[in-house]
Ligand SMILES: Cc1cc2nc3c(=O)[nH]c(=O)nc-3n(C[C@H](O)[C@H](O)[C@H](O)COP(=O)(O)OP(=O)(O)OC[C@H]3O[C@@H](n4cnc5c(N)ncnc54)[C@H](O)[C@@H]3O)c2cc1C
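In the working numbering, the protein residues as written are 256 to 678.
What follows is the structure, encoded as C-alpha cells:
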C-alpha cells in the first residue's frame, strides 16, 4: 500500500484560483477594513457571489449529492469524496488573504451548517436554495447568550408553541453572532437570509429541551440591537439580537417538537460543530501561514538564511524558531485534513474535529505572536499586517468552543466520559 501525500488536483486548482483573489482583492483592503470597523467589502461580496454562482453554487459549503444521483459506474475508478477537504483548502487560502474578509464571504456560514446537520430533506430544500439566488445572501447561527456561552445548556431563550396558530413564539436575547447583521439587514443589496436560533422548549429539561429554529430576516420582533467593537476580525460583523414575540412557522423547528428524555436536540448542535470546527481551524492556519511567510520574507531581505538539514545545535535561535513554526503549521494542517477527510467519508469525527481546533488555536496564536516578536518594530508597526494577524489570530481559540472546552471534548472522547462525568 502506498501513502499519498500529494493534494488531489481539484484542491490544488482551488488554491491557485483563490490565491489570486486573496492577493489581489483581499490583501489590498486588509488595512483599510481593519481601520474602518463596520465597513462592508461589497466589491468582494459581489465578486465572490457571482464567481460561486457561475461554478454552480452560491455558498462556500460542501455540495449535497443531487436527488438524481446515480451510483458510480463500476467500470470507472470511484472518485473519492473531497467536499470538506476542498472547503478547508479554500478557507485556508482566503484566510491567508484576510480572515475577516473571508468571514464576509456570502453564503450559509454557520446557519446553513446547522441546517445541513439537523434538518429534514424538505427543510434543506426550503432553506438552502436561496444561496444560489441572484443576490448574495447570508445565514448565521445564534447560540450564545450573556449567561450561556461554553455551557450552552444554560440557554434561556424560550420557544413556546401557540396551539391556536401552530406557530412557535420565541423570546430572548442572543449575543456575539457572526454575520448576524448581514443575515438580517441590508435588504437593498442582499437576499433574504436567516438566523438559526437555539432556544429551549423547557428550561427545566437542560440539553434535552434545546432546539434550533430557522428565523427568516424580516420576521417581526427580530432585531439587530448592537454591533460589537472588536480586537480582531473587525471586517466581520458580530451582532446582538433581540427576539420579542417572534413568530415562526411550525416546520421551522430543526428536529423533534416534543421534549423527550434524550439530548437529540443538543446532538444537532454538536453535529454542526463537528463539521465546522476543522473549518475554523483551517481559517486560523491561513492567518498563521500569512504571518510565517511574511516573517520569512523579511528575514531573507535582511540576509538571514534558514539552513535546513543542519543539526539543531548548529542552527541559530532564529533558524530553530522558524523551523519549529513550520513544523507546528504543517502538523496542525495535517490534523485539519484528517478531520475533514473523515467528514467527507462520513466517519464520526468529534474527536478529530475538536483536536484540530485545539491545535490550530494554539499554533495560530503562537506563530502570529512569535512573528510579531521576531520582526521587532516591523511587527508592532501598523505599516505592516503582522500586528493585525496577531489580533485576528486569537478568535480561532474562542468561537465554536474555546480551547479549554475543546480539550474537554477530546478528553471525554478518549476516556469515554459523558459531559456530566467530566466538565
Ligand atoms: C468574534 C466572536 C464571534 C462569535 N460568533 C458566534 C456565533 O456566530 N454564534 C454564537 O452562538 N456564538 C458566537 N460567539 C460566541 C462564542 O462561541 C463564545 O464566546 C464562546 O463559546 C465562549 O463563551 P463565553 O464567551 O460565554 O465564555 P465563558 O463560557 O464564560 O468562558 C470564559 C472562560 O472560561 C473557560 N471555561 C468555561 N467553562 C470551562 C470549563 N468547564 N472548563 C475549563 N474552562 C472553562 C472558557 O474556556 C473561557 O476561557 C462568538 C464570539 C466572538 C468573540
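C-beta: ideal position from N, C-alpha, C; glycine also.
Asked                                                                                                                                                                   : Found
Take the Cβ of residue 453 as the centre, count every other Cβ of all protein chains shown within 10 Å, and call the residue buried at 16 or more, exposed below.       : buried
Alpha carbon to alpha carbon, how far is residue 578 from residue 620?                                                                                                  : 17 Å
Near residue 610, which residues of its chain fall below 7 Å by C-beta distance, leaving aside the five closest residues on each side in sequence?                      : 590, 665
Excluding sequence positions up to five away, which residues of its chain have a Cβ less than 6 Å from the Cβ of residue 714?                                           : Since the first residue of the chain shown is 256 and the last is 678, residue 714 is not available in this structure.
Among 667, 656, 671, which has the Cα closest to the Cα of residue 406?                                                                                                 : 656
Out of 397, 446, 641, which one is the CA nearest neighbour of residue 552?                                                                                             : 641
How far does the beta strand (DSSP E) with residue 646 in it extend, from its first residue to its last?                                                                : Per DSSP, residue 646 belongs to no beta strand (DSSP E); it is in the alpha helix (DSSP H), 641–648.
Check whether the Cβ of residue 371 sits closer than 7 Å to any heavy atom of ligand 1, and report yes or no.                                                           : no
In the DSSP output, which residue or residues are listed as bridge partners for residue 627?                                                                            : Partner(s): none; residue 627 has no beta bridge.
Quick check on residue 514: does DSSP put it in helix, strand or coil?                                                                                                  : coil
I want to know whether the region 546–561 touches the region 360–373 - three or more CB-CB distances under 8 Å.                                                         : no
Which same chain residues, not among the five before or five after residue 597, have their C-beta less than 6 Å away from its C-beta?                                   : 604, 607
Going by other Cβ atoms of all chains shown within 10 Å of its Cβ, with 16 needed for buried, is residue 349 buried or exposed?                                         : buried
Can we count residue 659 as close to ligand 1, meaning its CB is less than 7 Å from some heavy atom?                                                                    : yes
Is residue 357 near ligand 1, with its Cβ less than 7 Å from a heavy atom?                                                                                              : no
How big is the Cα-Cα spacing for residue 402 and residue 408?                                                                                                           : 10 Å
What residue does the beta strand (DSSP E) around residue 576 start on, and which one ends it?                                                                          : Residue 576 -> not in any beta strand (DSSP E); alpha helix (DSSP H) instead, spanning 572–599.
What do you get for residue 410, buried or exposed, if any count of 16 or more other CB atoms within 10 angstroms of its CB means buried?                               : buried
Would you kindly report the start and end of the unbroken beta strand (DSSP E) that includes residue 429?                                                               : 422–433
By the DSSP assignment, the beta strand (DSSP E) with residue 636 in it spans what residues?                                                                            : Per DSSP, residue 636 belongs to no beta strand (DSSP E) and is neither H nor E.
So, for residue 420: in the same chain, excluding its five sequence neighbours on each side, which residues have a beta-carbon less than 8 Å away from its beta-carbon? : 502
Can you give the Cα-Cα distance for residue 294 and residue 525, rounded to whole angstroms?                                                                            : 32 Å
Start and end of the beta strand (DSSP E) containing residue 495?                                                                                                       : 493–504
Take residue 530 as the anchor and find which of 338, 307, 333, 305 has the nearest alpha-carbon.                                                                       : 338
What are the partner residues of residue 362, as DSSP defines its beta bridges?                                                                                         : 393
Does the separation of the CB atoms of residue 523 and residue 414 fall below 8 Å?                                                                                      : no
Return the CA-CA distance between residue 458 and residue 377, expressed in angstroms with no decimal places.                                                           : 29 Å
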